[in-house]
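Taking it in order: structure first as structure tokens, then the write-up.
In mature numbering (1 follows the signal peptide of the UniProt record, and there is no 0), the protein residues as written are -23 to -1, 1 to 395.
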């Protein structure tokens, strides 16, 4: 897999608590070399509307940054079908498994602080988790394996079908009781009771096996080695970055701009989703946010990834270790990093037949009543020193749909103007 290693500063100031800048006249000038910014946005709008029409999505939010500047954000459709409230770029939704890269970032901070060893037996920190065997042999589990889906911890019980290789497999488990759990858990450690005594599905470190509960286990390790709850760790990160609309998904709290969540029944009719409690999977899929906040996070990661000497939430050397291949996913051009999926991109065609000829990293999400994607395309080493890359965030309030292709195509659309 080709990953670009030259590093440059993305933003002129620290990303901490600094809002994304709007596109300036000088910045927009670069688009005139091919198509101007308005034409790009119009084409992107058409892509969104087509995807929504095909998949029957009630409401969708999207935002795009180029070189750290917000060039487009918008809402489409309805945040709530009963009140007819419109969906906007500020609508708050479940980000689902985009929570996993956030958890990986928390782990990276603890690695830098010397509190976490990615390759140590997790029972060094979490003695409450039982020792495991596979094929009759004693095995150890590590945080590196948990964050790369290679520890052998199971996903939701009894999946009905296998997942597409680039998707969060939760979309295939929407009728499984564990996915629809409404039971509250006080801590990640308490939530381990769901699966901690179950057999491993693979030998640790041997292969990729997608798991949300593996991230629940990772969250429990973070709680143990930090002495703080997962909520405290995550809230501190959100505060540092200025992500004011991002928090754990709780039922009782009134959240301004939170959408209604929808599903389709066997007759393809839209229905309200059942109420669920996400405390069994905060670290793997239990955070809510909006697209603006997600791009603050994405650009913070991209900034660090591209920088040799600037440290914000975590150092460049550490983040590069996390955004590096750990285990192959599909045997072709996709691999799992630590909290991210890494794609070479050279063989993937867009809906218009174009080949995405540059690497990107991303995570999709699939939750009760929600689907999402966060995608980051670093710029090529051959681009100017002012260029850093494109970030795309998409959230929608319907489960069992995919917005990965849409995010990838829109990322290519704006990336090709750089």
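C-beta: ideal position from N, C-alpha, C; glycine also.
Beta-carbon proximity check, residue i vs residue j, cutoff 8 Å
i	j	result
residue 104	residue 372	no
residue 109	residue 118	yes
residue 272	residue 80	no
residue 337	residue 315	no
residue 53	residue 23	no
residue 249	residue 259	no
residue 46	residue -4	yes
residue 102	residue 201	yes
residue 113	residue 179	no
residue 35	residue 374	yes
residue 199	residue 87	yes
residue 295	residue 85	yes
residue 197	residue 169	yes
residue 322	residue 352	no
residue 236	residue 13	no
Endpoints, the beta strand (DSSP E) within which residue i is located
i	result
residue 52	46 to 57
residue 65	Run containing residue 65: none; DSSP gives neither H nor E here.
residue 351	347 to 355
residue 343	337 to 344
residue 42	36 to 43
residue 240	239 to 241
residue 369	366 to 373
residue 115	114 to 116
residue 156	Run containing residue 156: none; DSSP gives neither H nor E here.
residue 185	No beta strand (DSSP E) contains residue 185, which DSSP labels as neither H nor E.
residue 244	Counting along the chain, residue 244 falls outside any beta strand (DSSP E), and DSSP gives it neither H nor E.
residue 111	109 to 111
CA nearest to the CA of residue i, picked from the options
i	options	result
residue 234	101, 170 and 63	63
residue 342	357, 335, 353 and 378	378
residue 48	312, 374, 192 and 369	369
residue 75	134, 161, 211 and 261	261
residue 292	162, 35, 174 and 278	278
residue 124	65, 163 and 82	82
residue 246	116, 175 and 32	32
residue 69	232, 353, 275 and 295	232
residue 219	364, 96, 389 and 290	290
residue 194	98, 393, 335 and 276	98
residue 320	339, 120 and 303	339
residue 308	276, 15, 283 and 184	184
residue 91	115, 168, 59 and 203	203
residue 422	60, 306, 257 and 229	Nothing in the structure corresponds to residue 422, since the chain is present only between -23 and 395.
residue 217	310, 274 and 244	274
Residue i CB to nearest heavy atom of the ligand NAP below 7 Å
i	result
residue 15	The ligand content of the structure shown is nil, which means the ligand NAP is not present either.
Own chain partners of residue i with C-beta closer than 6 Å, once the 5 adjacent residues on each side are dropped
i	result
residue -6	In this prediction, residue -6 scores a pLDDT of 44, lower than 50, which makes its location untrustworthy; no coordinate-derived value is stated.
residue 255	226 and 263
residue 67	234 and 267
residue 304	125, 127, 185 and 313
residue 116	109 and 181
residue 306	142, 185, 312 and 313
Same chain, Cβ closer than 8 Å to residue i, five either side skipped, listed in chain order
i	result
residue 376	148, 151, 238, 239, 240, 250, 343, 344, 345, 346, 347 and 348
residue 208	225 and 259
Delimiting residues of the alpha helix (DSSP H) encompassing residue i
i	result
residue 215	207 to 218
residue 385	381 to 392
residue 398	The question about residue 398 has no answer here: the residues shown for the chain are numbered -23 through 395.
residue 22	14 to 32
residue 121	120 to 124
residue 252	Run containing residue 252: none; DSSP gives neither H nor E here.
residue 89	76 to 89
residue 166	165 to 168
Cutoff 7 Å; reference residue i; Cβ partners in own chain excluding five residues on either side
i	result
residue 398	With the chain running from -23 to 395 in the structure shown, residue 398 is simply not present.
residue 387	21, 24, 41 and 369
residue 72	264, 265, 266, 271, 342, 349 and 372
residue 173	106 and 107
residue 253	157, 158, 159 and 345
residue 29	37, 53 and 54
residue 205	none
residue 182	122 and 127
residue 131	172, 175, 178, 188 and 190
residue 390	17, 20 and 21
residue 354	335, 337, 366, 367, 388 and 392
residue 51	39 and 66
residue 302	-23, 312, 314 and 319
residue 95	88, 119, 120 and 121
residue 166	105, 197 and 200
residue 210	83, 199 and 203
is_contact[residue i, chain B] using C-beta, thresh 8 Å
i	result
residue 313	Included in the structure is just one protein chain, with no chain B present.
Inset, instruction - Would you list, in sequence order, the uninterrupted beta strand (DSSP E) runs of no fewer than 3 residues that lie entirely inside the segment 254 to 327? - result: 264 to 266, 311 to 313 and 318 to 320
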